[in-house]
Amino acid sequence: MRKVVAEVSIIPLGKGASVSKYVKKAIDVFKKYSLKVETNAMGTVLEGDLDEILKAFKEAHSTVLNDVDRVVSSLKIDERKDKENTIERKLKAIGER
């Protein structure tokens, strides 16, 4: 299995300034899957099989949309064939680990 690293952002609209309870629901969905999940202040980074990431992304988007009228989501995928692609490797490459 070739791993990919993906950055995800799911933003509910029309629910006021604080959306943390909706973001938590999306993160909880990601944690159900066989993915490495790292949250940060502006999004979530996932590591794992591409098909699994896509499935989890779709479910998280739908889960948040169940509670709001509008959701804007983005998914950025980094896939490599030349070397192992992990969150850890990427952070080591920039001296952060």
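The sequence shown begins at 0 in numbering that gives the first Met the number 0 and counts up by one. Beta carbons: idealized from backbone N, C-alpha and C, even for Gly. Remember, it's a predicted structure, so these values are computed and weren't measured experimentally.
field: Those runs of the alpha helix (DSSP H) which lie wholly inside the segment 49-79 and span at least 4 residues
entry: As far as the segment 49-79 is concerned, its whole alpha helix (DSSP H) runs of at least 4 residues are 49-64.
message: Alpha carbons only, please: which of K14, K82, L90, G94 is nearest the one belonging to K2?
response: Of K14, K82, L90, G94, the residue nearest in Cα terms is K82.
message: I'd like to check one pair, T43 with S8: are the Cβ atoms closer than 9 Å?
response: Yes. Within cutoff.
message: With three or more beta-carbon pairs closer than 8 Å as the criterion, would you say the segment 31-39 touches the segment 12-19?
response: Counting Cβ pairs under 8 Å, fewer than three are found: no touch.
Closest residue to D66 among K24, I52, F56, S73 (Cα-Cα distance): Per the C-alpha coordinates, the member of K24, I52, F56, S73 positioned closest to D66 is K24.
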